[in-house]
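J.: Take a look at the following structure, please.
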Amino acid sequence: MQNCGVRSDVCVYPILMKSVGKVAVELHAHVLKMGYGCDVYVRNTMMGVYVKYGPIEVARKLFDEMSEKTVVDWNSMISGYWSWGCGVEACELFDLMPERNVISWTAMVTGFSKMRDLKSARRVFDEMPEKSIVSWNAMISGYDKNGFAEEAIRLFTEMVKSGFQPNEITWVKVISSCSSRGDPCLAGALVKMMDEKRAHLNYFVKTALIDMHAKCGSLETARKIFDELGVHKNSVAWNTMISGYTRVGDLISAKELFERMPEKDVVSWNSMIAGYAQNGQSARAIELFQEMATTKESKPDEITMVSVISACGHLGALELGNWVVNFITQNQIKLSISGYNSLIFMYSKCGCMKDARKVFQEMATRDVVSYNTLITGFAAHGHGSEALELMLKMKDEGIEPDRVTYIGVLTACSHGGLLEEGCEVFDSIEDPEVDHYACMVDLLGRVGKLDKAKELIERMPMSPHAGVYGSLLNASRIHKRTDLGELAANKLFELEPQNSGNYVLLSNMYASRGRWEDVERVRKAMRQGGVKKTTGWSWVEYGGKMHKFIVGDRSHERSSDIYQLLTELRKKMRAAGYIADKSCVLRDVEEEEKEEMVGTHSEKLAIAFALLVSEAGSVIRVVKNLRVCWDCHMAIKMISALEGKEIIVRDNNRFHSFSKGQCSCNDYW
DNA sequence: TTAGGGTTAG
């Protein structure tokens, strides 16, 4: 630099400053040392660098040192304050401005929108002496970003009426608002209007259109626009199309595009992983995450981890979950509220309420979801009073309970047998919804007040859904009220004729009373209606891996050992005289599987595997999809009695601990 | 050569 002339030296500083960004401080020191600190051009640029990279206070110092400030300087400083979240300082400067232009006003609109203060943004917008297309776009964008799609569309209509011609950016924002509404009629009207106004479709507009069509139910149109983009598609277009497919559960098409993508970014991975996680394919979600971590094409971020943590939760895979937590720490992935919320969910689902509560307590700020997740966790484990306490705490902290909170608390009361408290909560709900009624029917039913439950159903202001009658049916089973069970089941056969669970429950109720003709009648109805007993995979976590089993499955590497163990158990059971038991369970097994006492239900395969791999006397962790149906329950009881081992089984939300043939469970059985 | 608005994942 020593060889350069003075003039060219000064010219080079602004360019250098912008390119170095974070080391601007050293450069600034150098500039001052060289005596160029007074140059207007250099100083303005330097201020711009501090506005962008901070500290914002230094930018302000430079601003204050300016002898003649132009409106540009004021605007720079104001938008700088906004981008650092300093709304108060931005407002102060705006009030002090000797003259404002449309850019100053627009910066204020954008600033308030960024701080989610739409009221102030709109106030400034309405007060503007003149508006530009950018001002309109800023306000529309503010509404859209903060989830006020209706307002955005309304303002857009107003804008068109007042004679402004929308530009590409306007279209992008209006299309985006339309997407979040998911309304095909609105989407159609917008497309028509764009056509009439001869809207210019640039890349952003086309991508936004793909998203809108995908979200408004027209994947074909979305795909057509996507294909027409040709070979030079950027990752945003690919990602939009991929999530369009995952949203409707078409994971095959999504994966196909994902594989074909030339360059995947973090959003591509996140879309695909979330796609699996949200469509019940938790194991695939985790597998893909592991692939992502191995290939290192993109670095996983918080959004990735939220999907993965929640997938672990759904699987009840605690060992894996802890590994993921470790991964987050090692890779220094910063978690926000939603990240912590997903951890609460995972620990709750894995039955570790202590850890769930610990995460909750360590959070600096919590939202309604944090509370709801922990409350729902307590509910699932029958911790009624903890759930109630938490609801009071959230009110104290100024967070209003919502419908999910009430469902959680009522369920907690129900599982914890807190009748009085539950009734009190229910009475406090301003406008109880059908789900809240279902919870109350469950609560009344479980404590044995079945007639009261039936009365409540009759008094409901809306028509009861399957959940309401499902609760009644379950309570009727527990308290052996065949009359009400029949009533509930018959309603359920109308409401959800294909749900095999209802038939099975009623059939089991008859069976427990020895009413075999009725059992046969229900089974016949099931056969005639073409209702198939639903089967699913059962999962066991062992050695940090998930093992899955399904009826009749022989794909597991230890399959022959598993079947051998089952055969041995069968023999032991016969020898122990269980064959003579005339309970419905054995009858069920005998009829359906003829030979095998312990059949090849997915649950039984999973339990046999767990028995196989566990040390004698250890606790076996059986997770996910072990619907502890009646016959499975009996089978585990027998196995635990025969083998003298303790078995802990997780039903969807409950834990059952079997030891020496006895089941201790926090729920009614 | 400094000031305001744009698409995807939770």
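Here my numbering is used: the first residue of the first sequence is 618, the next is one more, and so on. Glycine residues also receive a C-beta, built at the ideal position from the N, C-alpha and C atoms.
With a 10 Å radius around its C-beta and 16 neighbouring C-beta atoms as the bar for buried, classify G938 as buried or exposed.
T.: The residue given as residue 938 occupies position 321 in the first sequence. Result: buried.
J.: Helix or strand or just coil, what does DSSP make of I1016?
T.: Within the first sequence, the letter at position 399 stands for residue 1016. Three-state DSSP puts I1016 in coil, outside helix and strand.
J.: Distance, Cα to Cα, G968 vs Y988?
T.: Indexing the first sequence from 1 puts residue 968 at position 351. Indexing the first sequence from 1 puts residue 988 at position 371. Rounded to the nearest angstrom, the two C-alpha atoms are 17 Å apart.
J.: Can you have a look at N851 and say buried or exposed, based on whether 16 or more other CB atoms are within 10 angstroms of its CB?
T.: Translated into positions along the first sequence, residue 851 becomes position 234. The residue in question, N851, is exposed, as its Cβ has fewer than 16 Cβ neighbours within 10 Å.
J.: What are the start and end residues of the alpha helix (DSSP H) that includes E1185?
T.: Here residue 1185 refers to the residue found at position 568 of the first sequence. Run containing E1185: S1176 to A1192, per the alpha helix (DSSP H) assignment.
J.: By DSSP, does E744 sit in helix, in strand, or in coil?
T.: Translated into the one-based positions of the first sequence, residue 744 becomes position 127. Three-state result, E744: helix.
J.: Report the option in A724, T911 and M963 whose CA atom is closest to the CA atom of C929.
T.: As a working mapping, residue 929 is identified with position 312 in the first sequence. Of the listed residues, the one whose Cα sits closest to C929 is M963.
J.: Name the residue from S779, K809 and K778 whose alpha carbon lies nearest to the alpha carbon of I792.
T.: Walking along the first sequence from the start, residue 792 turns up at place 175. Per the Cα distances, K809.
J.: So, is K1199 buried or exposed, given that buried needs 16 or more other C-beta atoms within 10 angstroms?
T.: Taking the first sequence and counting its residues from 1, the one referred to as residue 1199 is at position 582. Confidence at K1199 is low in this model, with a pLDDT of 35, below 50, so its placement is unreliable and the value that follows should be read with caution. A residue is called buried once 16 or more other Cβ atoms fall within 10 Å of its Cβ, and K1199, having fewer, is exposed.
J.: What separation, rounded to the nearest whole angstrom, lies between the Cα atoms of D910 and V1058?
T.: For the purposes of this step, residue 910 is taken as the residue at position 293 of the first sequence. For the purposes of this step, residue 1058 is taken as the residue at position 441 of the first sequence. A small correction: the amino acid at residue 910 is Ala; Asp does not occupy that position in the sequence shown. When rounded, the distance between both Cα atoms is 47 Å.
J.: Alpha carbon to alpha carbon, what distance is there between K872 and M980?
T.: Counted from its first residue, the first sequence places residue 980 at position 363. Counted from its first residue, the first sequence places residue 872 at position 255. Roughly 36 Å separates the two Cα atoms.
J.: Straight-line CA distance for D844 to P879?
T.: The sequence position of residue 844 within the first sequence is 227, counting from 1. The sequence position of residue 879 within the first sequence is 262, counting from 1. Taking the straight line joining both Cα atoms gives about 15 Å.
J.: Grab me the residues of K1108's own chain with a C-beta within less than 7 Å of its C-beta, minus the 5 sequence neighbours each way, in chain order.
T.: If you number the first sequence from 1, residue 1108 lands on position 491. Leaving aside the five residues that flank K1108 on each side, the residues in its chain whose CB is nearer than 7 Å to its CB run, in chain order, Y1086.
J.: Could you check what DSSP says for S1172 in three-state terms: helix, strand or coil?
T.: Locating residue 1172 in the first sequence gives position 555, counting from the first residue. Coil, per DSSP.
J.: For a test of the three-state rule: what should DSSP assign to D1205, helix, strand or coil?
T.: Looking up residue 1205 in the first sequence gives position 588. Note that D1205 scores a pLDDT of 38, beneath 50, so its modelled location is shaky; the value from the coordinates is reported in the next line. In this structure, DSSP gives D1205 a helical state, which the three-state scheme calls helix.
J.: Looking only at C-alpha atoms, which of S959, A1225 and L932 sits nearest to I945?
T.: Start at 1 with the first residue of the first sequence, and residue 945 comes out as number 328. Comparing Cα-Cα distances from I945 to each of S959, A1225 and L932, the minimum goes to S959.
J.: Between E936 and V1168, what straight-line distance do the alpha-carbon atoms span, to the nearest angstrom?
T.: Reading the first sequence from its first residue, position 319 is the one you call residue 936. Reading the first sequence from its first residue, position 551 is the one you call residue 1168. If I take the Cα positions, the gap works out to 26 Å.
J.: Since V925 contacts I903 with CB under 8 Å, what's their CB separation in whole angstroms?
T.: Sequence index remark: in the first sequence, residue 925 carries index 308 (1-based). Sequence index remark: in the first sequence, residue 903 carries index 286 (1-based). Right, their Cβ atoms sit about 6 Å apart.
J.: According to DSSP, is W886 helix, strand or coil?
T.: Sequence index remark: in the first sequence, residue 886 carries index 269 (1-based). In this structure, W886 counts as helix in the three-state DSSP scheme.
J.: Check each candidate in S700, K736, A996 and K778 and name the one with the smallest Cα separation from K669.
T.: Residue 669 sits at position 52 when you count from the first residue of the first sequence. Nearest of S700, K736, A996 and K778 to K669, Cα basis: S700.
J.: With three or more C-beta pairs closer than 8 Å as the rule, is the region 750-768 touching the region 723-741?
T.: yes
J.: Just to confirm, is the Cβ distance from V942 to D918 under 8 Å?
T.: Start at 1 with the first residue of the first sequence, and residue 942 comes out as number 325. Start at 1 with the first residue of the first sequence, and residue 918 comes out as number 301. No, these two residues do not count as a Cβ contact at 8 Å.
J.: CA-CA distance, S899 and I920?
T.: Sequence index remark: in the first sequence, residue 899 carries index 282 (1-based). Sequence index remark: in the first sequence, residue 920 carries index 303 (1-based). If I take the Cα positions, the gap works out to 15 Å.
J.: Under 8 Å between the Cβ atoms of K790 and A769?
T.: Here the question's residue 790 lines up with position 173 in the first sequence. Here the question's residue 769 lines up with position 152 in the first sequence. Yes, Cβ-Cβ distance for K790 and A769 is below 8 Å.
J.: Does DSSP put Q947 in a helix, in a strand, or in coil?
T.: Against the first sequence, residue 947 aligns to sequence position 330. Reduced to three states, the DSSP call for Q947 is helix.
J.: Measuring CA to CA, which of Y658, K913 and A707 is closest to E674?
T.: Looking up residue 674 in the first sequence gives position 57. Ranking the options by Cα distance to E674, first place goes to A707.
J.: Express the C-alpha separation of G1025 and P1078 in angstroms, rounding to a whole number.
T.: For the purposes of this step, residue 1078 is taken as residue 461 along the first sequence, with counting starting at 1. For the purposes of this step, residue 1025 is taken as residue 408 along the first sequence, with counting starting at 1. C-alpha separation (whole angstroms): 22 Å.
J.: Give a yes or no on whether the C-beta atoms belonging to D690 and N718 are separated by under 8 Å.
T.: Position 73 of the first sequence, counted from the start, is the residue given in the question as residue 690. Position 101 of the first sequence, counted from the start, is the residue given in the question as residue 718. Taking 8 Å as the Cβ cut-off, D690 and N718 do not qualify as a contacting pair.
J.: Going by other Cβ atoms of all chains shown within 10 Å of its Cβ, with 16 needed for buried, is K1010 buried or exposed?
T.: Translated into the one-based positions of the first sequence, residue 1010 becomes position 393. An exposed status is given to K1010, since fewer than 16 other beta-carbon atoms sit within 10 Å of its beta-carbon.
J.: In angstroms with no decimal places, state the Cα-to-Cα distance between E1207 and G1160.
T.: By 1-based counting over the first sequence, the position of residue 1207 is 590. By 1-based counting over the first sequence, the position of residue 1160 is 543. Unreliable positioning characterises E1207 in this predicted model, as indicated by a pLDDT of 42, which lies under 50. The coordinate reading is nonetheless provided below. Their Cα atoms are separated by approximately 34 Å.
J.: Once DSSP output is grouped into helix, strand and coil, what is the label at C833?
T.: On the first sequence, residue 833 is found 216 positions in, with the first residue counted as 1. If DSSP states are grouped into helix, strand and coil, C833 belongs with coil.
J.: Go ahead and label F1275 buried or exposed: buried means 16 or more other beta carbons lie within 10 angstroms of its beta carbon, across all protein chains shown.
T.: Taking the first sequence and counting its residues from 1, the one referred to as residue 1275 is at position 658. By the Cβ-count criterion, F1275 is buried, with 16 or more other Cβ atoms from all chains shown falling within 10 Å of its own Cβ.
J.: Does DSSP classify N763 as helix, strand or coil?
T.: Taking the first sequence and counting its residues from 1, the one referred to as residue 763 is at position 146. It is coil, neither helix nor strand.
J.: Among the candidates A1223, L1182 and K1066, whose CA atom is the shortest distance from the CA of H1096?
T.: As a working note, residue 1096 is residue 479 in the first sequence. Comparing Cα positions, the closest option is K1066.
J.: Identify, in the order they occur along the chain, each residue of the same chain with its Cβ nearer than 8 Å to the Cβ of M858, setting aside the five sequence neighbours on each side.
T.: Here residue 858 corresponds to residue number 241 of the first sequence, with the count starting at 1. Same-chain partners within the cutoff: I827, A831, A839, R840, F843 and L874.
J.: Please list the terminal residues of the continuous alpha helix (DSSP H) segment that includes R733.
T.: For this step, residue 733 is matched to residue 116 along the first sequence. Segment: none, R733 is in no alpha helix (DSSP H) and carries neither H nor E.
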